[in-house]
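Asks:
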């Protein structure tokens, strides 16, 4: 499966914009179709779940786009994020329930997000430095197996620290507060999660598209050696990629805790794999695609659950994954960052 | 570093004569040498378990029972070694094929299905069923690149237990199929009780496992040096080059998949007949991961290496960790007494995998070719146009 060279597939900028528009239209159609299928209430749930998957999927797709590694440990970084947030709110800040005072709530949320995202980004960079960087020139099997090993280490560390049962996490935003929106009664927490996820994704898009480091990331994804010859610091760029991906996973972990009110040592693995499916669905290496893929997976899962096939939801997601890989290995939306399929 | 290499060469020279003689014999009489080796191992293990310090750990029958269980993992490891070690296809859903073998036997011989077919034909049926699913999964996916293939097999490995779990009508769901019949082998049932398969008598299982293993090892060993085995290794090292040299990559990879799967099918049948219960939770990703850890530690590509890796790890898992739990609990040492060592086995596997990949990616007992392959990148890294300052350049020998 030799990919055509970047020069052959590179398109002028206008095409790329129209592709984004096309993806936007597809996403709208998708939402409308599901609105008709599962009703407004479930669409709100699907958008929330999809936002979580999308945030995790971004980390997978960025790392794969740059060093072509399926970072199996990424889902567990997300899980660790949920536990850091849990520990911070209950044990350090001493909060055990919802906060109704808006100012206190805002301050708490800012602290929790900032600390958790910092913690997970340190973890992500440390994993890259210790486990993946030494293997950068090794055969591809080696880092992949290492990633699985790291994933199991993180899971067992969480198991050791927090026990096998799921741990309650304070739902900082009162889940009882609702807003009537387009025929659905949507909890404020859902709106908060969706808006936050969109803001983070736009921030990422700006970072990758407009900054010097973002340009370094894009050029590294296209050709690491050539970009190194152009003066890109490869190690720094890869570390920054892991840092951003892990910070987003950390944010997803906080969100998951606030939304579901619990954290468990093994939920990172499956959550991560669904997010990876989202990344593949959107075309791995393509950040916009990964975000949309996250929402697609969210919709699939909620639709399956609302039609009484909740037990099959994982089987459905993984079947979609296999089908996409077989029939459209470049994903539904093709590739943007990485040109090497 | 140079001194270390020199010392090692000297060691190799000293042991060279005996080793050469054995190697020469093994190369000329491959099947015979495996039969002899397996017979020796089969005879030595029970004796070893009867002397201290091993005999202090647990009763002798428990050891033999443990050896038979370890044999299941050795079988799985030898099978996965064909797929991952020889052909270089990372299969993360290997437990699925194990499941197909087990369920095939459960359908063939249990009160649930009202069938009571003989064991030995079902052994072949289980292998055939697993191989069929290997081809069904492999045919559309083998054109994918290495890590995409890993993901597809992983997804497959996740789906299969979910299907067995949710198709309650056919599989009895979470509880699984119980009361699976223990093996019956013609002629054997005329012998006295000590030759009969039962929960209290692990010996027939042990001997049966040794027989299955010997045959599978002979197959695997001869395959490795056959035209097919060379084609697998060629694909592993450079698929494009192999294809240009006339290797039919699709058929060759499919055969690796099918043969690896059929070995897992054999293991599944044996395991079902031994445990007499088949349930979906026996075939989760943890099993695939454990077997992968075994072959990585043992040395991918080397049959004896992966067999030893699988045997040692599953013995540690079954006896040592369990005994540690009991010992620490009895001693009442704070903290340690509450730690359930068995439940942290995956932490050990994870650490072992990472350390192994970083320090000795070829495993403890590597095949020479595999070692050269895994270290060639380091050698060339030093000469490459772009030198990565953080990359290890020949630091690991």
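Residue numbers (this note's numbering), protein chains in the order written: chain H, 116 to 456; chain X, 57 to 453.
For every residue, glycine included, the Cβ atom is placed at its ideal position computed from N, Cα and C.
(1) Return the residue from the list H:162, H:158, H:157 and H:154 that minimises the CA-CA distance to residue 312 of chain H.
(2) Assess contact between the segment 255-266 of chain X and the segment 291-304 of chain X, defined as three or more Cβ pairs (one per stretch) separated by less than 8 Å. Is contact present?
(3) Should residue 276 of chain X go down as buried or exposed, given a rule of 16 or more other Cβ atoms within 10 Å for buried?
(4) Which ranges would you report for the alpha helix (DSSP H) in the segment 140-171 of chain H if only whole runs of at least 4 residues count?
(5) Would you kindly work out how many angstroms separate the C-alpha atoms of residue 197 of chain X and residue 218 of chain H, rounded to a whole number?
(6) May I ask you to list the residues that DSSP assigns as paired with residue 295 of chain H?
(7) On the DSSP letters alone, give me the boundaries of the alpha helix (DSSP H) that residue 288 of chain X sits inside.
(8) Go to residue 330 of chain H, then tell me how far its alpha helix (DSSP H) extends in each direction, as first and last residue.
(9) In this structure, how does DSSP classify residue 282 of chain H when only helix, strand and coil are distinguished?
(10) Closer than 9 Å by beta-carbon distance: list the chain X residues that pair up with residue 218 of chain H, in chain order.
(11) With DSSP collapsed to three states, give me the class of residue 442 of chain H.
(12) Residues of chain H with CB closer than 8 Å to the CB of residue 159 of chain X, please, in chain order.
(13) Can you say whether residue 321 of chain H is buried or exposed, counting buried as having 16 or more other CB atoms within 10 angstroms of its CB?
(14) What would DSSP say about residue 233 of chain X, mapped onto helix, strand or coil?
(15) What are the partner residues of residue 172 of chain X, as DSSP defines its beta bridges?
(16) Let's test the definition: count the other Cβ atoms within 10 Å of the Cβ of residue 439 of chain X and tell me whether it reaches 16, buried, or not, exposed.
(17) Give the residues of chain X in contact with residue 265 of chain H, contact being defined as C-beta atoms less than 8 Å apart.
(18) Can you find a C-beta in chain H that's less than 8 Å from the C-beta of residue 224 of chain X?
(19) Taking beta-carbon pairs under 9 Å, can you tell me which members of the segment 135-158 of chain X lie near chain H?
(20) Looking only at C-alpha atoms, which of X:217, X:376, X:131 and X:384 sits nearest to residue 118 of chain X?
(21) Since residue 378 of chain H sits in a beta bridge, which residues does DSSP pair it with?
(22) What residues from chain H crowd round residue 214 of chain X, counting only those whose CB sits closer than 7 Å?
(23) Going straight from the alpha carbon of residue 267 of chain H to that of residue 242 of chain X, what length do you get?
(24) Terminal residues of the continuous alpha helix (DSSP H) containing residue 209 of chain H?
(25) If I measure Cβ to Cβ from residue 282 of chain H and keep anything under 8 Å in the same chain, skipping five residues before and after, which residues do I get?
(26) Check whether chain X comes within 8 Å of residue 169 of chain H, counting only Cβ atoms and requiring the distance to be less than that.
(27) Determine, using beta carbons only, whether residue 350 of chain X comes closer than 8 Å to chain H.
(28) Hey, residue 370 of chain X and residue 126 of chain X are a contact pair by Cβ (cut 8 Å); roughly how many whole angstroms apart?
(29) Please list, in chain order, the chain H residues whose beta carbon lies closer than 8 Å to that of residue 207 of chain X.
(30) Taking Cβ-Cβ distances shorter than 8 Å, what residues in chain H pair up with residue 219 of chain X?
(31) Quick one: give me the first and last residue of the alpha helix (DSSP H) that residue 278 of chain X is part of.
(32) Which residues of chain H have a Cβ atom closer than 7 Å to the Cβ of residue 203 of chain X, listed in chain order?
(33) List the residues that DSSP assigns as beta-bridge partners of residue 254 of chain X.
(34) Measuring only between beta-carbons, confirm whether residue 129 of chain X sits less than 8 Å from chain C.
Replies: Answer, in terms of the structure:
(1) Checked all of H:162, H:158, H:157 and H:154; the closest Cα to residue 312 of chain H is H:162.
(2) The segment 255-266 of chain X is not in contact with the segment 291-304 of chain X.
(3) By the neighbour-count rule (16 or more Cβ atoms within 10 Å), residue 276 of chain X is buried.
(4) none
(5) In a straight line, the C-alpha of residue 197 of chain X is about 54 Å away from that of residue 218 of chain H.
(6) H:300
(7) Taken as a continuous stretch (DSSP letters only), the alpha helix (DSSP H) holding residue 288 of chain X covers 283-293.
(8) If you look at residue 330 of chain H, you'll find it in the alpha helix (DSSP H) that goes 327-337.
(9) DSSP, read as helix, strand or coil, puts residue 282 of chain H in strand.
(10) At a beta-carbon threshold of 9 Å, none of the residues of chain X lie near residue 218 of chain H; the nearest stands roughly 43 Å away.
(11) In the displayed model, residue 442 of chain H falls within a helix according to three-state DSSP.
(12) Near residue 159 of chain X there are no residues of chain H at all, since even the closest Cβ is about 16 Å away, more than 8 Å.
(13) exposed
(14) In this structure, residue 233 of chain X counts as strand in the three-state DSSP scheme.
(15) X:165
(16) Low per-residue confidence applies at residue 439 of chain X: pLDDT is 39, beneath 50, and the placement is therefore not dependable enough to give any value.
(17) 406 and 410
(18) no
(19) 140, 144, 146 and 148
(20) X:376
(21) H:282
(22) Among the residues of chain H, those whose CB is under 7 Å from the CB of residue 214 of chain X are 429 and 433, following chain order.
(23) 45 Å
(24) That residue, residue 209 of chain H, is in no alpha helix (DSSP H); it is neither H nor E in DSSP.
(25) 198, 201, 377, 378 and 379
(26) The beta carbon of residue 169 of chain H sits no closer than 8 Å to any beta carbon of chain X.
(27) no
(28) 4 Å
(29) 185, 391, 395, 436 and 440
(30) 430
(31) 259-280
(32) 185, 255 and 259
(33) X:257
(34) Checking the listed chains, one finds no chain C in this structure; the protein chains it contains are H and X.
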